[in-house]
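Q: From first to last, the protein sequence lines are chains A and B. Read in order, the letters of the first sequence correspond to residues 13 to 173 in our numbering. Read in order, the letters of the second sequence correspond to residues 19 to 470 in our numbering. The beta-carbon is built from N, C-alpha and C at its ideal position, and this holds for glycine as well. For reference, the structure I am asking about is given below.
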Amino acid sequence: MNNLSKALMLVAALALTGCNKPGSGAGSGGGIETISLGSPSDPTSNAYFQGSVGDRVFFDVDQSTLTAQAREILELQASWLQGNASYNIVIEGHADEQGTREYNLALGARRASAVQDYLTTVGINLNRMRTVSYGKERPVEICSIEDCYARNRRSVTVLTE
Amino acid sequence: MTLFGLTLSHKLGIFRLTAALILAFGAQMGAVWAQNGPLRIEITQGVIEPLPIAVPGFVAENAAALDYAAKISRVIAEDMAGTGLFREIPVSAHISRISAFNDPIAFADWKAVNAQALVVGAVFVQGVTATVKFRLIDVFSGQQMGEGLQFSGPVGIWRRTAHKVADAAYSRLTGENGYFDSRVVFVAETGAKNKRAKRLAIMDYDGANVEYLTDDKSIVLAPRLSSEGDKILFTSYKTDFPKIYMMDLARKSVVSLADQKGTMAFSPRFAPDGKSVIYSLEKGGNTDIYALNLASGASRQLTNAPSIETAPSFSPDGSKIVFESDRSGGQQIYIMDANGQNLRRVSSGQGRYGTPVWSPRGDLIAFTKQNQGRFHIGVMRIDGSEERLLTASFLDEGPTWAPNGRVIMFTRETSGATGKSSLYSVDISGRNLKRAKTEGAASDPAWSPLLP
Numbered sequence: 013m014n015n016l017s018k019a020l021m022l023v024a025a026l027a028l029t030g031c032n033k034p035g036s037g038a039g040s041g042g043g044i045e046t047i048s049l050g051s052p053s054d055p056t057s058n059a060y061f062q063g064s065v066g067d068r069v070f071f072d073v074d075q076s077t078l079t080a081q082a083r084e085i086l087e088l089q090a091s092w093l094q095g096n097a098s099y100n101i102v103i104e105g106h107a108d109e110q111g112t113r114e115y116n117l118a119l120g121a122r123r124a125s126a127v128q129d130y131l132t133t134v135g136i137n138l139n140r141m142r143t144v145s146y147g148k149e150r151p152v153e154i155c156s157i158e159d160c161y162a163r164n165r166r167s168v169t170v171l172t173e
Numbered sequence: 019m020t021l022f023g024l025t026l027s028h029k030l031g032i033f034r035l036t037a038a039l040i041l042a043f044g045a046q047m048g049a050v051w052a053q054n055g056p057l058r059i060e061i062t063q064g065v066i067e068p069l070p071i072a073v074p075g076f077v078a079e080n081a082a083a084l085d086y087a088a089k090i091s092r093v094i095a096e097d098m099a100g101t102g103l104f105r106e107i108p109v110s111a112h113i114s115r116i117s118a119f120n121d122p123i124a125f126a127d128w129k130a131v132n133a134q135a136l137v138v139g140a141v142f143v144q145g146v147t148a149t150v151k152f153r154l155i156d157v158f159s160g161q162q163m164g165e166g167l168q169f170s171g172p173v174g175i176w177r178r179t180a181h182k183v184a185d186a187a188y189s190r191l192t193g194e195n196g197y198f199d200s201r202v203v204f205v206a207e208t209g210a211k212n213k214r215a216k217r218l219a220i221m222d223y224d225g226a227n228v229e230y231l232t233d234d235k236s237i238v239l240a241p242r243l244s245s246e247g248d249k250i251l252f253t254s255y256k257t258d259f260p261k262i263y264m265m266d267l268a269r270k271s272v273v274s275l276a277d278q279k280g281t282m283a284f285s286p287r288f289a290p291d292g293k294s295v296i297y298s299l300e301k302g303g304n305t306d307i308y309a310l311n312l313a314s315g316a317s318r319q320l321t322n323a324p325s326i327e328t329a330p331s332f333s334p335d336g337s338k339i340v341f342e343s344d345r346s347g348g349q350q351i352y353i354m355d356a357n358g359q360n361l362r363r364v365s366s367g368q369g370r371y372g373t374p375v376w377s378p379r380g381d382l383i384a385f386t387k388q389n390q391g392r393f394h395i396g397v398m399r400i401d402g403s404e405e406r407l408l409t410a411s412f413l414d415e416g417p418t419w420a421p422n423g424r425v426i427m428f429t430r431e432t433s434g435a436t437g438k439s440s441l442y443s444v445d446i447s448g449r450n451l452k453r454a455k456t457e458g459a460a461s462d463p464a465w466s467p468l469l470p
């Protein structure tokens, strides 16, 4: 890896620090401890989990069914979590803005729960996991077209210690 | 707001409606009305042309009242004109001046400017008390409508006194209860769309006297008032997980409700008697509706289905609950008895129906509808008939009823990266759509009952 790409990865890691807490860090304080990201080149680091394993999966409109691609990512997450047993996780469920607030909270909970159920079936102990829904309260993309909506209909697996 | 510490301590009855019939307008009035028919505006028929009214500056009966007299008559005029049912004839166009409360009315002068109704008032301030009296004149019949009324209250809450007067005038002209002396609790928003900060706030219905109730460190959602207006239920992410809380407005004290580990609680609403709370509880990805007895702390499950059941709202008599469910495949509105029995579907049209709220009059359900990429606020009868969409936009949601069941406030959010939420209100006729005054972006309004 040359110096430029290392520098870029570092920038990327810094940009991701905001994603370390549930709710992508924005405005949500309270009970979840912050953990260090570590180096993206350290395969046991949070940064590596977010960047190389993939911390999120996406959903179709108004759906909580896992796509084949989502299951692949969750299997990678599961094997990483098995190798890094000191981490627990909070699974965040999110919805796009096309929906009422209450319904989207419930929909986000369905999505987080679908992820938790799948991680259970691939060997992650239930007591390492918690779910939370943010409904449409924490979009990562802010445009009001399908490109953005597709990236907001997500679950994010957040590592905790 | 400070002198008597009126931080919503209105239960103490700060206003005494002294109903001091201001003499000289006696029993013969009723007969006159019966002959001529009272001036009356029918809201339900949809007013095309607002009724012209005049609100000349109230008479200051002593030097201390000068400033208040001017301000109080302005608030009354704004209340009346703000309904869209009345149009104020500007004071600059008035021919006649009112120089004393009981002066004879120069009817010809008010007819000349086409004032159909005239609000005459006077203010007297002694120490910390403002006394406001008013009478309402039907200009073209040359008669006073109803008795004169007098309100006494602390000068610090002169705006409420003005709203009381306007409520009385509105009520006499429309035959409906007023809604001006009321408050709205809402979520004040700041920051970009992907890092929105939210805090609870409360204001007068017209945007005055804003008070922030929480800081913006945690997401707060959908506050709801008790029917006494003294407590607020809301959802907060204070612990990083959504839970429901109850705030005592006078004391600003907050307690956590329905806290079960591993679950998520949201969408709370009071029963009309204030003794229980209905809310949504999510367990293992499935959301159902529960009722919590506030005295005992006992929770009871009211729905039990693998679908999403949320956004419950009681009927005004407390006997039924309207809510949304996607058990049919998409969001639709259902009604059940308060114990969870006798469930039936109410909505049947195209699209998705959510956030139903029972009208305080009991006759209508307001809802959010999504159809073909647009959001609407609408109303329907409780059997689902006579659906009427009142608004359309990129994102309208979360209706709340004015205390008289004639006006609905809701959240409207604009689209795109710079999208922001605002509060809007609209008549149930679909007329008079307008933005409510808030300092910044705002969402999730809940309208209080009329203050006592």
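#1: Using a C-beta to C-beta distance shorter than 9 Å, which residues of chain A count as neighbours of S298 of chain B?
#2: Between the region 160 to 172 of chain A and the region 64 to 78 of chain A, can you find at least three pairs of beta-carbon atoms closer than 8 Å?
#3: For Y188 of chain B and M98 of chain B, which I take to be in contact (beta-carbon distance under 8 Å), what is that distance rounded to the nearest angstrom?
#4: Using a Cβ-Cβ cut-off of less than 9 Å, give me the residues of the region 332 to 358 of chain B that come near chain A, in sequence order.
#5: On a CA-only basis, which of B:A356, B:Y371, B:A72 and B:P330 is nearest G347 of chain B? Give me that one, please.
#6: With distances taken between CB atoms, is the gap from P463 of chain B to G247 of chain B smaller than 8 Å?
#7: Can you tell me whether M98 of chain B is helix, strand or coil according to DSSP?
#8: To which residues of the same chain is A162 of chain A closer than 7 Å at the C-beta, ignoring the five residues directly before and after it?
#9: Who are the neighbours of P151 of chain A on chain B, taking C-beta pairs under 7 Å?
#10: Can you give me, in chain order, the residues of the region 89 to 114 of chain A that have a beta carbon less than 9 Å from any beta carbon in chain B?
#11: Measure from the C-beta of I47 of chain A to each C-beta in chain B and report whether the shortest distance is under 8 Å.
#12: Along chain A, which residues have their Cβ under 7 Å away from the Cβ of T373 of chain B?
#13: Okay, do the region 235 to 244 of chain B and the region 78 to 92 of chain A touch, 3+ Cβ pairs below 8 Å being the bar?
#14: At a CB distance below 7 Å, what residues from the region 107 to 119 of chain B approach chain A? Give them in sequence order.
#15: In three-state terms, what does DSSP make of A459 of chain B?
#16: Look at N450 of chain B and T208 of chain B and say whether their C-beta atoms are less than 8 Å apart.
#17: For R424 of chain B, which residues in the same chain have their Cβ closer than 8 Å to its Cβ, ignoring the five residues on either side in sequence?
#18: Grouping DSSP H, G and I as helix and E and B as strand, with all else coil, what is H112 of chain B?
#19: Tell me the start and end of each unbroken beta strand (DSSP E) in the region 206 to 294 of chain B that is at least 3 residues and wholly inside, in chain order.
#20: Hey, is F204 of chain B's beta-carbon within less than 8 Å of any beta-carbon in chain A?
#21: Quick one: which chain A residues come within Cβ less than 7 Å of A435 of chain B?
#22: Can you pull out the residues from the region 406 to 417 of chain B whose beta carbon lies closer than 9 Å to at least one beta carbon of chain A?
#23: Using 8 Å for Cβ pairs, my map puts E431 of chain B next to T386 of chain B. What's the rounded Cβ distance?
#24: Span of the beta strand (DSSP E) holding Y146 of chain A?
#25: Where does L320 of chain B sit, in a helix, a strand or coil, going by DSSP?
#26: For T192 of chain B versus L136 of chain B, is the C-beta spacing smaller than 8 Å?
#27: For A316 of chain B, count neighbouring Cβ atoms within 10 angstroms of its own Cβ and tell me buried if that reaches 16, exposed if not.
#28: What would DSSP say about V65 of chain A, mapped onto helix, strand or coil?
#29: What does DSSP give as the partner residue(s) for T56 of chain A in the beta ladder?
#30: Would you say D258 of chain B lies against chain A (beta-carbon separation less than 8 Å)?
A: From the atom records:
#1: Position 280 of the second sequence, counting from 1, holds the residue named residue 298 of chain B. Those are E114, L117 and A118, listed as they occur along chain A.
#2: yes
#3: In the second sequence, residue 188 of chain B corresponds to position 170, counting from 1. In the second sequence, residue 98 of chain B corresponds to position 80, counting from 1. Yes, Y188 of chain B and M98 of chain B are in contact; Cβ-Cβ is about 7 Å, under 8 Å.
#4: E342, D344, G348 and Q349
#5: The residue labelled residue 347 of chain B in the question sits at position 329 within the second sequence. Minimum Cα distance to G347 of chain B is reached at B:Y371.
#6: Within the second sequence, numbered from 1, the residue matching residue 463 of chain B stands at position 445. Within the second sequence, numbered from 1, the residue matching residue 247 of chain B stands at position 229. Not in contact: P463 of chain B and G247 of chain B (Cβ atoms no closer than 8 Å).
#7: By 1-based counting over the second sequence, the position of residue 98 of chain B is 80. Correct three-state label for M98 of chain B: helix.
#8: As a first step, residue 162 of chain A must be located in the first sequence, where it is residue number 150. Excluding sequence neighbours, A162 of chain A sits near F70.
#9: One-based indexing of the first sequence puts residue 151 of chain A at position 139. Going along chain B in sequence order, the residues near P151 of chain A (Cβ under 7 Å) are K211 and N212.
#10: V102, G105, E109, Q110, G111, T112, R113 and E114
#11: Here the question's residue 47 of chain A lines up with position 35 in the first sequence. With 8 Å as the cut-off, I47 of chain A does not count as an interface residue toward chain B.
#12: Stepping through the second sequence from its first residue, residue 373 of chain B is reached at position 355. By Cβ distance, chain A contributes T112 and E114.
#13: no
#14: none
#15: Residue mapping note: residue 459 of chain B aligns to position 441 of the second sequence, counting from 1. Three-state result, A459 of chain B: strand.
#16: Position 432 of the second sequence, counted from the start, is the residue given in the question as residue 450 of chain B. Position 190 of the second sequence, counted from the start, is the residue given in the question as residue 208 of chain B. Cβ distance not < 8 Å, so N450 of chain B and T208 of chain B don't count as in contact.
#17: Sequence index remark: in the second sequence, residue 424 of chain B carries index 406 (1-based). The answer, listed in chain order, is I61, E194, Y197, D445 and I446.
#18: As a position in the second sequence, residue 112 of chain B is number 94, starting the count at 1. Correct three-state label for H112 of chain B: coil.
#19: 215 to 222, 238 to 243, 249 to 254, 261 to 266, 271 to 275 and 282 to 288
#20: As a first step, residue 204 of chain B is located in the second sequence; it is residue number 186 there, counting from the start. Output row for F204 of chain B: interface = no.
#21: Start at 1 with the first residue of the second sequence, and residue 435 of chain B comes out as number 417. Here the neighbours are I154 and C155.
#22: F412, L413, E415 and G416
#23: Stepping through the second sequence from its first residue, residue 431 of chain B is reached at position 413. Stepping through the second sequence from its first residue, residue 386 of chain B is reached at position 368. Their Cβ separation, rounded to whole angstroms, is 12 Å, which puts E431 of chain B and T386 of chain B out of contact at 8 Å.
#24: Mapped onto the first sequence, residue 146 of chain A falls at position 134. Note, Y146 of chain A: beta strand (DSSP E), M141 to G147.
#25: In the second sequence, residue 320 of chain B corresponds to position 302, counting from 1. Here L320 of chain B sits in coil by DSSP.
#26: Counting from 1 along the second sequence, the entry for residue 192 of chain B is found at position 174. Counting from 1 along the second sequence, the entry for residue 136 of chain B is found at position 118. No.
#27: As a position in the second sequence, residue 316 of chain B is number 298, starting the count at 1. That one is exposed.
#28: Translated into the one-based positions of the first sequence, residue 65 of chain A becomes position 53. Three-state result, V65 of chain A: helix.
#29: By 1-based counting over the first sequence, the position of residue 56 of chain A is 44. Answer by DSSP bridge pairing: none, since T56 of chain A is not bridged.
#30: By one-based count along the second sequence, residue 258 of chain B stands at place 240. Chain A, which has a Cβ nearer than 8 Å to the Cβ of D258 of chain B, makes this yes.
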